[in-house]
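First to last, the sequence lines map onto chains A and B.
Residue 342 is where the first sequence starts when you use my numbering, and the numbers rise one by one after that.
Residue 242 is where the second sequence starts when you use my numbering, and the numbers rise one by one after that.
Scroll down for the structure; my scribbles are underneath it.
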Amino acid sequence: YPLNGASRDENSMELVQHYLEKYYNLAKEVKPFFRRKDSSPVVKKIQEMQKFLGLEVTGKLDSDTLEVMHKPRCGVPDVGS
Amino acid sequence: FTTFPGMPKWRKTHLTYRIVNYTLDLPRDAVDSAIEKALKVWEEVTPLTFSKIYEGEADIMIAFAVGYHGDFNAFDGPGKVLAHAYPPGLGLYGDAHFDDDEQWTKDTAGTNLFLVAAHELGHSLGLSHSANTEALMYPVYNPFTDLARFRLSQDDVNGIQSLYGPPSASPDEPVVPTESVPPETPAMCDPTLSFDAVSTLRGEFLFFKDRHFWRKSLRILEPEFHLISSFWPSLPSGVDAAYEDTSKDIVFIFKRNQFWAIRGNEVQAGYPRGIQTLGFPSTVKKIDAAVFDKQKKKTYFFVEDKYWRFDEKKQSMDPGFPRQIVEDFPGVDSKVDAVFEAFGFFYFFSGSSQLEYDPNARKVTHILKSNSWLNC
Numbered sequence: 342y343p344l345n346g347a348s349r350d351e352n353s354m355e356l357v358q359h360y361l362e363k364y365y366n367l368a369k370e371v372k373p374f375f376r377r378k379d380s381s382p383v384v385k386k387i388q389e390m391q392k393f394l395g396l397e398v399t400g401k402l403d404s405d406t407l408e409v410m411h412k413p414r415c416g417v418p419d420v421g422s
Numbered sequence: 242f243t244t245f246p247g248m249p250k251w252r253k254t255h256l257t258y259r260i261v262n263y264t265l266d267l268p269r270d271a272v273d274s275a276i277e278k279a280l281k282v283w284e285e286v287t288p289l290t291f292s293k294i295y296e297g298e299a300d301i302m303i304a305f306a307v308g309y310h311g312d313f314n315a316f317d318g319p320g321k322v323l324a325h326a327y328p329p330g331l332g333l334y335g336d337a338h339f340d341d342d343e344q345w346t347k348d349t350a351g352t353n354l355f356l357v358a359a360h361e362l363g364h365s366l367g368l369s370h371s372a373n374t375e376a377l378m379y380p381v382y383n384p385f386t387d388l389a390r391f392r393l394s395q396d397d398v399n400g401i402q403s404l405y406g407p408p409s410a411s412p413d414e415p416v417v418p419t420e421s422v423p424p425e426t427p428a429m430c431d432p433t434l435s436f437d438a439v440s441t442l443r444g445e446f447l448f449f450k451d452r453h454f455w456r457k458s459l460r461i462l463e464p465e466f467h468l469i470s471s472f473w474p475s476l477p478s479g480v481d482a483a484y485e486d487t488s489k490d491i492v493f494i495f496k497r498n499q500f501w502a503i504r505g506n507e508v509q510a511g512y513p514r515g516i517q518t519l520g521f522p523s524t525v526k527k528i529d530a531a532v533f534d535k536q537k538k539k540t541y542f543f544v545e546d547k548y549w550r551f552d553e554k555k556q557s558m559d560p561g562f563p564r565q566i567v568e569d570f571p572g573v574d575s576k577v578d579a580v581f582e583a584f585g586f587f588y589f590f591s592g593s594s595q596l597e598y599d600p601n602a603r604k605v606t607h608i609l610k611s612n613s614w615l616n617c
């Protein structure tokens, strides 16, 4: 079985990618960068999400941010059409 | 708050909605009232009014679905996405979909349907999400919302009023209302409660007040509370009088010098008509109350301290009227707000009091509170 850390990390990366694509208009072509959380488009999108949701804008996937992203919500995007 | 790109909004203030299907998590009437309550949240701060239709295409189609449900926006099982809705427009636009993989509840033990519906209907009216964590339009569901004291945040009100403006008096009401505008929905058990009009309807009792009415069945303890417009969209609010002609299965509703005929949910074609068509002189500007006497097939119309008698068979006013109310209804000596007939008695409503009148004994047999029928 993969180490817990790795699978959890993998899961949260998928969650973040899906969340940013669905709610923050993260363009799908950014995919190659996604493996590196520190790629600037992704960081910018994480910061945009944290700002909108009233979280501390760190650009990092801290536990507060992940916690809010796991919460039930409306399916309508937060930005864009 | 934010609106959708291009700021789509409805170009009319009276909208229709239809609940296309129901979740099995709740009784149907609980779903009906959750949706009605959610619409009322927006109705109270805008000029918008809503009426429910039961078939065909409504402006706002409300549906429960799981997984893929035909709009390229599949639901995702329990949790995560609870529901979504589309901004104002034709077809799919304006519609609201609820994920039936959630456990919909009246409280917050599961996902509260009223709360999510109020949010989604905000989208159906043109609001997008708000970054204000206190706002109803904040995207993340808050299970700790105090439902008993739920109110829109100022951010929500600012947002919806940026699209539709504040509530306006309806065109046929004076800009500065002559009577005090009710601060909020009337309290059913307020001991000072008075009614605009009362009527029977197919064995039930309707108590009209401002924009709403209570519907009381003798078989069910608790009365229902509805917007008049949710049953009869073309009827005005603040009606003056109402009576049921049981021989025709029609309820006649009066406001100022006009009257409407309704059969069940349907307003009959050819109405409103002028009250002068019933034979009233032009000096009569409005009716205070009306009641149909099914024994005699006559209808009594009460106007200030006098009353007229209308022969429903001949369809004309009886000669020798108007007469003084108190002469023919001893003990009924104050202005009549409303009246209906039940169990062989006439119930006259005047302010917060109700007189039970026995037409055979020709006397008042009981004095009650006006809201005594509402199980207070």
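No residue lacks a Cβ here, since even glycine has one placed at the ideal position from N, Cα and C.
Remember, it's a predicted structure, so these values are computed and weren't measured experimentally.
Same chain, Cβ closer than 7 Å to residue i, five either side skipped, listed in chain order
i: A/L396; result: D405, T406 and V409
i: B/V602; result: It should be noted that the sequence gives Ala, not Val, for residue 602 of chain B. Taken in chain order, the list of residues that qualify is empty.
i: B/Y309; result: A315
i: B/F570; result: Y598
i: B/V282; result: A359 and L393
i: B/L377; result: A359, H360, G363, L393, S394 and D397
i: B/S593; result: P432, T433, L434, S435, K610 and S611
Same chain only: Cβ atoms within 6 Å of residue i, ignoring 5 sequence neighbours per side
i: B/T606; result: E597 and D599
i: B/V398; result: V286
i: B/H364; result: A326
i: B/F339; result: F305 and A324
i: B/V480; result: D437, A438, F449, I494 and K496
i: B/V357; result: L323 and A324
i: B/S665; result: The displayed coordinates of chain B run from 242 to 617. Any statement about residue 665 of chain B would go beyond what the structure contains.
i: B/L462; result: N616
Cβ of residue i within 8 Å of any chain A Cβ
i: B/R369; result: It is Ser, not Arg, that sits at residue 369 of chain B in the sequence shown. Interface residue, yes.
i: B/K250; result: no
i: B/V381; result: yes
i: B/H360; result: yes
i: B/T374; result: yes
i: B/T352; result: yes
i: B/H364; result: yes
Buried versus exposed call for residue i [16 or more other C-beta atoms within 10 Å across all chains shown]
i: B/K537; result: exposed
i: A/M390; result: buried
i: B/P384; result: exposed
i: B/R452; result: buried
i: A/K386; result: buried
i: B/I260; result: buried
i: B/Q565; result: exposed
i: B/L447; result: buried
Proximal residues of chain D, C-beta to C-beta of residue i below 7 Å
i: A/G416; result: Although the question refers to chain D, the structure presented lacks it and instead comprises the protein chains A and B.
Short CB-CB distance (under 8 Å) between residue i and chain B
i: A/V398; result: no
i: A/V357; result: no
i: A/K412; result: yes
i: A/V384; result: no
i: A/D405; result: no
i: A/L394; result: yes
Beta-carbon proximity list for residue i, same chain, < 8 Å, skipping 5 on both sides
i: B/I263; result: Per the sequence shown, residue 263 of chain B should be read as Tyr rather than Ile. So the list reads R269, V272 and F305, once near-sequence residues are dropped.
i: B/P407; result: V286, T287 and P288
i: B/M558; result: L519, G520, F521, W549, R550, F551 and D552
i: B/K526; result: R497 and N498
Span of the alpha helix (DSSP H) around residue i
i: B/K278; result: R269 to E284
i: A/Q391; result: S381 to F393
i: B/A350; result: From DSSP, B/A350 is part of no alpha helix (DSSP H); its letter is neither H nor E.
i: A/T406; result: S404 to H411
Closer than 7 Å: residue i CB and nearest the ligand NAD heavy atom
i: A/E408; result: The ligand content of the structure shown is nil, which means the ligand NAD is not present either.
Boundaries (first-last residue) of the beta strand (DSSP E) holding residue i
i: B/Y588; result: F586 to S591
Inspect the CB distances between the stretch 554-570 of chain B and the stretch 506-515 of chain B and report whether three or more fall short of 8 Å. As far as the Cβ criterion goes, the stretch 554-570 of chain B does not touch the stretch 506-515 of chain B, which means the pair count is below three.
Contact between the stretch 373-388 of chain B and the stretch 330-339 of chain B is defined here as three or more beta-carbon pairs at a separation below 8 Å; is this criterion met? They do not touch, by the three-pair rule.
Would the stretch 527-537 of chain B and the stretch 572-583 of chain B be scored as touching if the rule is three or more Cβ pairs under 8 Å? By the C-beta criterion, the stretch 527-537 of chain B is judged to be in contact with the stretch 572-583 of chain B, since at least 3 inter-stretch pairs fall below 8 Å.
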